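First up is the structure itself, then whatever we jot down about it.
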Amino acid sequence: MAAVGIVVALLVWMATLLLISIWKHIYSSWQLPPGPFPLPIVGNIFQLEFKNIPKSFTRLAERFGPVFTLYLGSRRFVVLHGYKAVKEVLLDYRNEFSGRGEIPAFRVHQDKGIIFNNGPTWQDTRRFSLTTLRDFGMGKQSNEQRIQREAQFLLGALRKTHGQPFDPTFVIGFAPYNVISDILFHRRADYNDKTALRMLSLFNENFHLLSTPWIQLYNNFSGYIRYLPGSHRKLMKNVSEIKEYALEGVKDHQRSLEASCPRDFTDTMLLEMEKEKHSTDPVYTLDNIAVTVADLLFAGTETTSTTLRYGLLILMKYPEVEEKLHEEIDRVIGPSRIPAIKDRLDMPYLDAVVHEIQRFIDMIPSNLFHEATRDTVFRGYVIPKGTVIIPTLDSLLYDSQEFPEPEKFKPEHFLNENGKFKYSDHFKPFSAGKRVCVGEGLARMELFLFLASILQHFNLESPVDPMDIDLSPIAIGFAKVPPHYRLCVIPRSQV
Ligand code: HEM
975 MAAVGIVVAL LVWMATLLLI SIWKHIYSSW QLPPGPFPLP IVGNIFQLEF
1025 KNIPKSFTRL AERFGPVFTL YLGSRRFVVL HGYKAVKEVL LDYRNEFSGR
1075 GEIPAFRVHQ DKGIIFNNGP TWQDTRRFSL TTLRDFGMGK QSNEQRIQRE
1125 AQFLLGALRK THGQPFDPTF VIGFAPYNVI SDILFHRRAD YNDKTALRML
1175 SLFNENFHLL STPWIQLYNN FSGYIRYLPG SHRKLMKNVS EIKEYALEGV
1225 KDHQRSLEAS CPRDFTDTML LEMEKEKHST DPVYTLDNIA VTVADLLFAG
1275 TETTSTTLRY GLLILMKYPE VEEKLHEEID RVIGPSRIPA IKDRLDMPYL
1325 DAVVHEIQRF IDMIPSNLFH EATRDTVFRG YVIPKGTVII PTLDSLLYDS
1375 QEFPEPEKFK PEHFLNENGK FKYSDHFKPF SAGKRVCVGE GLARMELFLF
1425 LASILQHFNL ESPVDPMDID LSPIAIGFAK VPPHYRLCVI PRSQV
């Protein structure tokens, strides 16, 4: 009898908890955007396909509209889907939604640096970094010259493959790595340098791990699974190793710093730290500088490198596009002059191909998480401070009104009927507003100049039939990760 009493009491207790949780949810969410009903503890976990969360968002947007609410555990998300809603959030509510949603895998970066900083130092660190990146891009050596110089090293490394099949991941990765490393540390590495290779492989591995279902789960339930074994441990170890590398570089610079002639971005930040020496609440601590440098090194390398790598695979699949590019390059630049940014004006086809590569690969489909910095009324809903905001980018890049047949790779998406470049305001792979990518200008310059240089000197050849090339990403999460592949580059002078 006593046992039955205990079971009944337990059941009553559980039912009460469930009712309280449902009531709390209804009470707190009555002014929130609509969304699927969340279960206690797990939230809407069963409404999401963890292998392809962006696809789940699209499905939910069809059901609930362009602004909807979701829960993962007790974490509240508001997702924006489609041009109007995303643009409104990023531009008209630029202050209210400019916080950064936490990504537990980057806990050592939290509230430091730029990307994962949701604290009071973000604004100053971002502003200072933008100005300094611009100054070093316009200084004695402009970013254009930096990229042009690096392109020659890249061409040299490609020639060394002697037309044999190779995996382009690291050969291509060295080019953007050296450009950003030169800006940050005033140094570049040979294409077989062990330390640089180690960094490149850590960046590449992290980009992939961040896009796996397990890490999507970890980032939302880290409280429960932090102590379990799994790839989140590897990811966090890698993040710490990259930060340690950046910190060593910063300390090296500190030892040889000369106030009268800052050599690079790091020196300039260290001088700022000197100025704040007596402040009780400094922005530029060694730790903040190291995280800023690590942010720029990772973001400045892996994004551009992945875009170039994916782009070359796409061009192998569509040799007719490559042929048109060769024709334009030969006509506008010729076989020997180094490609320059001013050529872009006379090269609408290459410009359109670069845009279409970025649109088609849709590299960061759900953007980086933003966060509401205060209680905000948006379209009549009340979005509480601390809510994670997801202004999806794929919903713009794959908008079928703006880009007919969005699933197809068509440079014509960015060309008008006269073959001139056609601008689209839906093209937002770098996001927009207060958190817009810090490296947009640099990345666009690199994509144009590196692709022009490679195609000026080489024909791409696939070791497999182009018809058999599958362009589907191998992981979709934080990023869309391109499949592994091999390619041959054949010097055009030998053709
Ligand atoms: C193809 C190349 C690139 C793409 C597609 C890309 C895309 C993005 C996106 C979508 C964001 C998030 C924006 C938001 O939260 O609304 C971002 C942020 C950022 N990117 Fe990029 N990026 C690229 C290259 C670069 C480069 C070359 C650098 C460095 C020189 C860089 C540095 C950053 C930084 C520091 C942030 C954080 C901004 C902040 O939180 O205030 N990115 N990027």
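So the number in our numbering is just where the residue sits in the sequence shown, counting from 1, plus 974. C-beta: ideal position from N, C-alpha, C; glycine also. Note that the structure is predicted; figures quoted are calculated from it, not measured.
Leaving out the 5 sequence neighbours to the left and right, which residues in its chain are closer than 6 Å to V978 when beta-carbon positions are compared? Within the sequence shown, the letter at position 4 stands for residue 978. Hits under 6 Å: none found.
Quick check on K1134: does DSSP put it in helix, strand or coil? Reading the sequence shown from its first residue, position 160 is the one you call residue 1134. K1134 falls in the coil class under three-state DSSP.
Hey, out of L985, F1071, L991, Y1198, whose CA is closest to F1343's CA? Indexing the sequence shown from 1 puts residue 1343 at position 369. Comparing Cα-Cα distances from F1343 to each of L985, F1071, L991, Y1198, the minimum goes to F1071.
DSSP-derived helix/strand/coil call for R1074: To locate residue 1074, count along the sequence shown from 1; it is residue 100. Three-state result, R1074: strand.
Note down the Cα distance separating H1300 from N1392, rounded to an integer number of angstroms. Along the sequence shown, read from residue 1 onward, the residue named residue 1300 stands at position 326. Along the sequence shown, read from residue 1 onward, the residue named residue 1392 stands at position 418. Cα to Cα, H1300 sits roughly 19 Å from N1392.
Cβ-Cβ distance between A1079 and N1178 below 8 Å: Your numbering for residue 1079 matches position 105 in the sequence shown. Your numbering for residue 1178 matches position 204 in the sequence shown. In terms of Cβ geometry, A1079 and N1178 do not form a close pair [threshold 8 Å].
What number of angstroms, rounded off, separates the C-alpha of V1469 from the C-alpha of F1144? As a first step, residue 1469 is located in the sequence shown; it is residue number 495 there, counting from the start. As a first step, residue 1144 is located in the sequence shown; it is residue number 170 there, counting from the start. For V1469, the predicted model reports a pLDDT of 47, less than 50, meaning its position is unreliable and no value from the coordinates is stated.
Following a CB-centred definition, is P1403 positioned closer than 7 Å to any heavy atom of the ligand HEM? Residue 1403 sits at position 429 when you count from the first residue of the sequence shown. Distances taken from the Cβ of P1403 to the heavy atoms of the ligand HEM include one shorter than 7 Å.
Measuring straight from C-alpha to C-alpha, what distance separates T1278 and Q1190? The count along the sequence shown starts at 1 and reaches residue 1278 at position 304. The count along the sequence shown starts at 1 and reaches residue 1190 at position 216. One C-alpha to the other measures close to 23 Å.
Contact test: D1269 Cβ vs the ligand HEM heavy atom, cutoff 7 Å: Position 295 of the sequence shown, counted from the start, is the residue given in the question as residue 1269. Within the cutoff, so yes.
Note down the Cα distance separating F1388 from P1403, rounded to an integer number of angstroms. In the sequence shown, residue 1388 corresponds to position 414, counting from 1. In the sequence shown, residue 1403 corresponds to position 429, counting from 1. Roughly 14 Å between the two C-alpha positions.
Which whole-angstrom value is the C-beta distance of P1139 and P1465, which I expect to be below 8 Å? On the sequence shown, residue 1139 is found 165 positions in, with the first residue counted as 1. On the sequence shown, residue 1465 is found 491 positions in, with the first residue counted as 1. At roughly 15 Å, the Cβ-Cβ gap does not stay under 8 Å, so P1139 and P1465 are not in contact.
Any heavy atom of the ligand HEM closer than 7 Å to the beta-carbon of I1146? Within the sequence shown, numbered from 1, the residue matching residue 1146 stands at position 172. No, the beta carbon of I1146 sits no closer than 7 Å to any heavy atom of the ligand HEM.
According to DSSP, is H1458 helix, strand or coil? Counting from 1 along the sequence shown, the entry for residue 1458 is found at position 484. DSSP places H1458 in coil when its eight states are reduced to three.
Let me confirm a value: P1008 is counted as buried when at least 16 other C-beta atoms fall within 10 Å, else exposed. Which label applies? For the purposes of this step, residue 1008 is identified with residue 34 of the sequence shown, where counting begins at 1. Exposed, because fewer than 16 other Cβ atoms sit within 10 Å of the Cβ of P1008.
Count the other CB atoms within 10 Å of the CB of G1056; is the residue buried (16 or more) or exposed (fewer)? Translated into the one-based positions of the sequence shown, residue 1056 becomes position 82. So G1056 ends up on the buried side.
Comparing alpha-carbon positions, which option in P1322, E1297, A976 lies nearest H1431? For the purposes of this step, residue 1431 is taken as residue 457 along the sequence shown, with counting starting at 1. Comparing alpha-carbon positions, the option among P1322, E1297, A976 lying closest to H1431 turns out to be E1297.
I want to check one thing, is the minimum distance from the CB of V982 to the heavy atoms of the ligand HEM below 7 Å? Position 8 of the sequence shown, counted from the first residue, corresponds to residue 982. Answer for V982: no, Cβ out of range of the ligand HEM.
When you compare each of I1263, R1200, L1054 to E1218 by their alpha carbons, which one comes out closest? For the purposes of this step, residue 1218 is taken as residue 244 along the sequence shown, with counting starting at 1. Comparing Cα positions, the closest option is I1263.
Cα-Cα separation, N1212 to D1269: By 1-based counting over the sequence shown, the position of residue 1212 is 238. By 1-based counting over the sequence shown, the position of residue 1269 is 295. If you draw a straight line from the Cα of N1212 to the Cα of D1269, it comes to about 13 Å.
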